[in-house]
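Q: One structure is given below, represented as structure tokens, and several questions about it will come after.
Residue numbers (my numbering), protein chains in the order written: chain A, 1 to 125; chain B, 126 to 265; chain C, 266 to 1063.
Given below as structure tokens:
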């Protein structure tokens, strides 16, 4: 089943890349969230999916008595989810502020950094 | 957003959510839960409160600005790591004491403090973001 | 010598730099007399070197070695042998006189201290170059001379012409410097040595190696750019924008001779090979002819001298190309003679300019009464340049005409032509300004101060004395240098002889006669040459300008294509790279394994799978953004259920919360903004983006499948599971990992979360209402009509 979910991961990444190449900033943000989810799934699948019990030990035992899910990818993914969320909120605010200041959310129309047409370099000594 | 039903129901929802957040925090070490989840639940509670009662009311209720709460959280996390200097152990070594109150045994530990710090950080930051967006929305 | 070689060489090399550092301070403190004090440093070096002459002439080599990069086997090594001491004596001796001269020439100039500092710094670097034994040290000093030259040529940096000249010199000589570095590295590859001294006798090895051609090519480029050979000669006339002391020192006597020094140094190793002989003879000859013609065209004293320097450098390269004992000795003698008379002439030109305000040879005349001492100095230099006995220039010319060679007549004619032109120039430089009636000049002429006269007079006297005392000069200076150049002992037969059977004397007479003839008709010659000049359109100078402009435009075009400011373009390139990085290694190195795919999911899992696909499809094909956000929630829900099904309750919990909060925040922001939310992607763009997306997704899947095909190492998971209760007293292994085992990671993570929060807070708190007219915003008209809210901005929390 890991292989099948590998295809799902690929679909997530493909959709995310497609959205990230959009013109509208907010659509890019959608793509970012999906990319985050996709990569989290990647980590989970790479750590081998099992239908086994969650990594919670029953009371009184010091070692698991049967196969349990791999706890390490879960810890990494938990971190990733929260940081991804923080990044998402930051970018959302950034998109909002750029709408406010520049009046547009179209990435193609934002030419503050490299104005069109580019200024000529000084050709004298 | 500011319907009568919402305004009436909101305080109840908020209280329940906050208590639930603390519960999730405390049981996180042995059952599913933990600082992150608790922080998110508590922040959601603040969001509900903010949407119903308005940002000034929330700020009054919180006493401290939410980012300061987050700052306290991170200080707590670092302090819990520095406590191990008392026993000359490396940074972030877990120290445990068990207090026996009659039949039950309460565990006090630096990882618990650390988790509490994590809770405060996540709660403070997400609340701050929510309230900032609310304020910006109102001003804009 | 009492001190060990290491210490004395260190002092020798470091002394000019120390003087350079002290120069600005001394000038501020002592004013006019600072130059006298500063000239003591090079004078002391000169005296010290003179004391070394006897031992060096006897064949001893003074070596010093300092650790530099032991890991590479590169030492800062110096060697004082016959060749380097000859050059070093000219550098320090002429340097002392130039420093003295500069003090008076630039008297009152606000930046005199800086100027003297640069000059002394250059002296130190140039001296380091000729004394260096290690190839890398030689290269380092070579490049530093280019830098010093840049600083000195552009000294009057307020004039664009000076800046341009400095820039041009820097570019041309630095390009040569890079070639020198490459050549040095190749040389080290072939010989296995970094030090030139250790390479002695490896000539045949190098000649037999296949790297001979590249090495020669690179070394030639380095030497030709530095010594202004055709076609790299164009920077030298432009370098005359520098103050005259700079022209006298750098661009006649020392820096341009660095290329000659390099060729001389490598002559025992690379010389004698056909490529060496052919190339040097051709380029040297061409340069000599070109420089001579150029010199006769000029009317500015400094330009005449500059072009004649180019011609003289051509002569030196020609002689080095010939090889053989006579040519070797001729080269050394000519080098010494040229250094003395050319520096002298430049200083006299500077004197005339300083005292009369004019440098135009057609506007000067009859100065012999008012500037008698300068006249004497000019005669002394001119005698040597024309090659009359008893000057050193005469001996040089005699040796030159005695050089045997395969193309006997051609060589003779070429040398004759060159010497004739130079001779004519010499007569013009002496006769025109000083003889004849007194022509009025911008400033009333009077003799220069002692500091300025000392230089030309001493140099002129030395030019005669060295020839008169040729016995001493030859055995102590010339023969040791020639021995190093040739790689084997040479015979010396320098002297004043009158042997009518020797063709050299007849050639000298012919030279003098032709020189006088050309001088008599100098003005006609000049006009004819200038008319021929106007027929040619382009010069190497214009080519340089075009090349620089083209380079700038190329860089600009490249930057504006690849840094065009379009976010989507950047993302396209990034994702293309990502897809390539994922797919290509798997394709090339193998690892694609599609065999793992087997449909073995249970119904709930199929359901979640389908839900995720539906959610994703809904996001992509959503008609507007609101629907897209809701679809985002659907796919997040699918992921959370997936976590739940595969034993990750904590993750599921967190994912639910985060998804809900994301959708709420997104909607919150969306509602505030009245946007045109339709996706407007054209079909070609959609195809392109879709194709790239599929490539990236496919790449990720392929990599993941390759990972899954490998056996899984479960040691970490087993460790955490086994130690959760004993060590960490916790039963939720994931939480235990987060707050206990890997607590430091979590500490970093909450710092990131806090930073993001601060960022959001700052972005919101600093929101200002921006006037539409002030920005380049593409705001639609309705935004400008929006009434400004009366609510104040939120107070920033302390």
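Using N, Cα and C, we set each Cβ at its ideal position, and we do this for glycine too. Small disclaimer: the values here were computed from a predicted structure and weren't measured.
With burial defined as no fewer than 16 other Cβ atoms inside 10 Å of the residue's Cβ, what is the status of residue 298 (chain C): buried or exposed?
A: The residue in question, residue 298 (chain C), is exposed, as its Cβ has fewer than 16 Cβ neighbours within 10 Å.
Q: Does DSSP put residue 333 (chain C) in a helix, in a strand, or in coil?
A: In the structure shown, residue 333 (chain C) sits in a strand (DSSP, three-state: E or B).
Q: Go ahead and label residue 124 (chain A) buried or exposed: buried means 16 or more other beta carbons lie within 10 angstroms of its beta carbon, across all protein chains shown.
A: Classification of residue 124 (chain A): exposed, given that the 10 Å Cβ count is below 16.
Q: Would you decide whether residue 799 (chain C) is buried or exposed? Buried here means 16 or more other CB atoms lie within 10 Å of its CB.
A: Residue 799 (chain C) is exposed by the Cβ-count criterion.
Q: Distance cutoff 8 Å, beta carbons only. Does residue 171 (chain B) sit that close to anything in chain A?
A: It does not; no Cβ of chain A falls within 8 Å.
Q: Cβ of residue 422 (chain C) less than 8 Å from any chain A Cβ?
A: No, no contact with chain A.
Q: Write down the C-beta distance between residue 234 (chain B) and residue 245 (chain B) rounded to the nearest angstrom, noting that I regard them as a contact closer than 8 Å.
A: Contact flag wrong, Cβ pair sits at about 17 Å.
Q: Compute the distance between the beta-carbons of residue 391 (chain C) and residue 364 (chain C), then report whether it is under 8 Å.
A: Taking 8 Å as the Cβ cut-off, residue 391 (chain C) and residue 364 (chain C) do not qualify as a contacting pair.
Q: Is residue 1055 (chain C) buried or exposed, if buried means 16 or more other CB atoms sit within 10 Å of its CB?
A: Because the pLDDT of residue 1055 (chain C) is 45, which lies under 50, any placement of that residue in the model is unreliable, and the question is left without a value.
Q: Any chance the CB of residue 27 (chain A) is under 7 Å from a heavy atom of the ligand MN?
A: No copy of the ligand MN occurs in the structure displayed, which carries no ligand at all.
Q: Alpha carbon to alpha carbon, what distance is there between residue 755 (chain C) and residue 646 (chain C)?
A: Straight-line Cα distance between these residues: approximately 29 Å.
Q: Would you identify the three-state DSSP class for residue 327 (chain C), choosing helix, strand or coil?
A: It is a strand residue.
Q: Please classify residue 980 (chain C): is it buried, with 16 or more other beta-carbons within 10 angstroms of its beta-carbon, or exposed?
A: Flag for residue 980 (chain C) reads exposed.
Q: Looking at the C-beta of residue 229 (chain B), does it have a partner C-beta in chain D at a distance below 8 Å?
A: The structure shown contains no chain D; its protein chains are A, B and C.
Q: With H, G and I counted as helix, E and B as strand and the rest as coil, what does DSSP make of residue 282 (chain C)?
A: Residue state, collapsed to three classes: helix.
Q: Measuring CB to CB, does residue 231 (chain C) end up less than 8 Å from residue 236 (chain B)?
A: Since the first and last residues shown for chain C are 266 and 1063, residue 231 (chain C) lies out of range.
Q: What residue from B:242, B:165, B:201, B:174 has the CA that sits closest to residue 137 (chain B)'s CA?
A: Of B:242, B:165, B:201, B:174, the residue nearest in Cα terms is B:174.
Q: What are the uninterrupted segments assigned as alpha helix (DSSP H) that are 4 or more residues long and contained completely in the stretch 471-519 of chain C, given in chain order?
A: DSSP runs (the alpha helix (DSSP H)) wholly in the stretch 471-519 of chain C: 477-491, 500-503, 509-513.
Q: Return yes when the Cβ of residue 998 (chain C) is within less than 8 Å of the Cβ of residue 986 (chain C), no when it is not.
A: Yes; because the gap between Cβ atoms is below 8 Å, this pair is in contact.
Q: List, in chain order, every chain C residue whose beta-carbon is nearer than 7 Å to that of residue 66 (chain A).
A: Per Cβ cutoff of 7 Å: no residues; residue 66 (chain A) is ~11 Å from chain C at best.
Q: Where do the N-terminal and C-terminal ends of the beta strand (DSSP E) with residue 374 (chain C) fall, by residue?
A: It is not in any beta strand (DSSP E) - residue 374 (chain C) carries neither H nor E in the DSSP assignment.
Q: When burial is assigned at 16 or more other CB atoms within 10 Å of the CB, is residue 113 (chain A) buried or exposed?
A: Result: exposed.
Q: For residue 153 (chain B), count neighbouring C-beta atoms within 10 Å of its own C-beta (all shown protein chains included) and say buried if the count is 16 or more, exposed if not.
A: By the neighbour-count rule (16 or more Cβ atoms within 10 Å), residue 153 (chain B) is buried.
Q: Inspect the beta-carbon positions of residue 71 (chain A) and residue 982 (chain C) and report whether they are closer than 8 Å.
A: Yes, Cβ-Cβ distance for residue 71 (chain A) and residue 982 (chain C) is below 8 Å.
Q: Determine the direct distance from the alpha carbon of residue 994 (chain C) to that of residue 905 (chain C), and round the result to whole angstroms.
A: Going from the Cα of residue 905 (chain C) to the Cα of residue 994 (chain C) covers about 28 Å.
Q: Residues in its own chain within less than 7 Å of residue 397 (chain C) by CB, not counting five upstream and five downstream?
A: Cβ neighbours of residue 397 (chain C) beyond the five flanking positions: 343, 403, 406.
Q: From residue 602 (chain C) to residue 728 (chain C), what does the alpha carbon distance come to, in whole angstroms?
A: Straight-line Cα distance between these residues: approximately 6 Å.
Q: Which bits of chain A does residue 157 (chain B) rub up against, with CB to CB less than 8 Å?
A: Ordered by position in chain A, the residues that pass the 8 Å Cβ test against residue 157 (chain B) are 54, 56.
Q: For residue 230 (chain B), which beta-bridge partners are listed by DSSP?
A: BP columns for residue 230 (chain B) point to B:225.
Q: Alpha carbons only, please: which of C:686, C:494, C:504 is nearest the one belonging to residue 427 (chain C)?
A: Residue 427 (chain C) has its Cα closest to that of C:504, out of C:686, C:494, C:504.
Q: Kindly list, in the order they appear in chain A, the residues whose Cβ is closer than 8 Å to that of residue 247 (chain B).
A: Result: 82.
Q: Can a CB atom of chain C be found closer than 8 Å to the CB of residue 43 (chain A)?
A: Cβ-Cβ to chain C under 8 Å: no for residue 43 (chain A).
Q: For residue 377 (chain C), I'd like the list of residues in its chain whose CB is within less than 6 Å of its CB, leaving aside the five on either flank, ordered along the chain.
A: Within the same chain, residue 377 (chain C) has close Cβ partners 292, 371.
Q: Using only the alpha-carbon positions, how far apart do residue 589 (chain C) and residue 667 (chain C) sit?
A: Computed Cα separation, rounded: 11 Å.
Q: Have a look at residue 631 (chain C) and residue 639 (chain C) and give me their C-alpha separation to the nearest angstrom.
A: Each residue's alpha carbon lies about 12 Å from the other.
Q: Take residue 848 (chain C) as the anchor and find which of C:957, C:898, C:884 has the nearest alpha-carbon.
A: Per the Cα distances, C:957.
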